[in-house]
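Colleague:
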Amino acid sequence: MLSQAEMSDRWQIQQLLVDYSTAIDTRNFDDLDAVFTGDAYIDYRAMGGIDGHYPQVKAWLAEVLPNFAGYAHMLGLPSIRVDGDTATARTFCFNPMVFASKSPETPPTMLLGLWYDDDFVRTADGWRMSRRVETKCFEKLP
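At position 29 of the sequence shown (counting the first as 1) the number is 29 in UniProt numbering, and the numbers step up by one without a gap.
1) Which term fits Asn95, buried or exposed, when burial requires 16 or more other beta carbons within 10 angstroms of its beta carbon?
2) Can you name, in chain order, every residue of its own chain whose Cβ lies under 6 Å from the Cβ of Asp19, other than the five neighbours on each side?
3) Can you tell me where the beta strand (DSSP E) with Leu112 in it begins and where it stops?
4) Considering only the beta carbon of each residue, do Thr78 and Gln14 sit closer than 7 Å?
5) As a quick exercise: from Gly84, Thr91, Gln56, Thr135, pick the residue whose alpha carbon is nearest that of Ser8.
6) Is the separation between the beta-carbon of Leu141 and that of Met110 shorter than 7 Å?
7) Taking Cβ positions, are Asp39 and Val133 nearer each other than 7 Å?
8) Rounded C-beta distance between Glu6 and Val82? I'm assuming under 8 Å.
9) Nearest to Val57 by alpha carbon, out of Met97, Arg131, Leu75?
10) Tell me, which residues are paired with Tyr41 by DSSP?
11) Using C-beta distances below 6 Å, list every residue in its chain close to residue 170, excluding the 5 sequence neighbours before and after it, in chain order.
12) Pull up the DSSP beta-bridge partners for Phe29, would you.
13) Alpha carbon to alpha carbon, how far is His73 from Met1?
14) Let me know if Thr135 comes out buried or exposed under the rule of 16 or more other beta-carbons within 10 Å of its beta-carbon.
15) Looking at the secondary structure, which residues open and close the beta strand (DSSP E) in which Ala87 lies?
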């Protein structure tokens, strides 16, 4: 049986996953500062992106994502494992991304299915993501 502390830890980590998706989907990239550690490693290469440390990847997201007319994250239930002040999670994500198009009636849409493999660390400010790696499940290009 899970202790109250572990249930709280899992809930806080799950909320970080939601906060990440909300920040990306609403294009409020500064909100990611409350999700990641300052030195977090992020690897988006499996889905055609870059890898690097958080500040570099945050700048890349702010540059690249405005090229899409819209996108959204639909997350599956995360599998979270807490071990003291560290944790891991694996979460499925379905991510349709609509390209900007001159024909608004039929904008091309890319459908992405991926796993987020994440590491977390407890900090003085609460749980933060210290590592995020995307693992490709599928993609359907327009």
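Positions of the beta carbon are idealized from the N, C-alpha and C atoms, including for glycine. Keep in mind the model is a prediction, meaning the values are calculated, not measured.
Modeller: In terms of the structure at hand:
1) buried
2) Val35
3) 109-123
4) Correcting the residue type first, residue 78 is Pro in the shown sequence and not Thr. Going by C-beta atoms, Pro78 is nearer than 7 Å to Gln14.
5) Gly84
6) yes
7) no
8) 6 Å
9) Arg131
10) His53, Arg131
11) Nothing about residue 170 can be reported from this structure: the residues present for the chain run from 1 to 142 only.
12) Phe29 is not bridged to any residue.
13) 31 Å
14) exposed
15) 86-99
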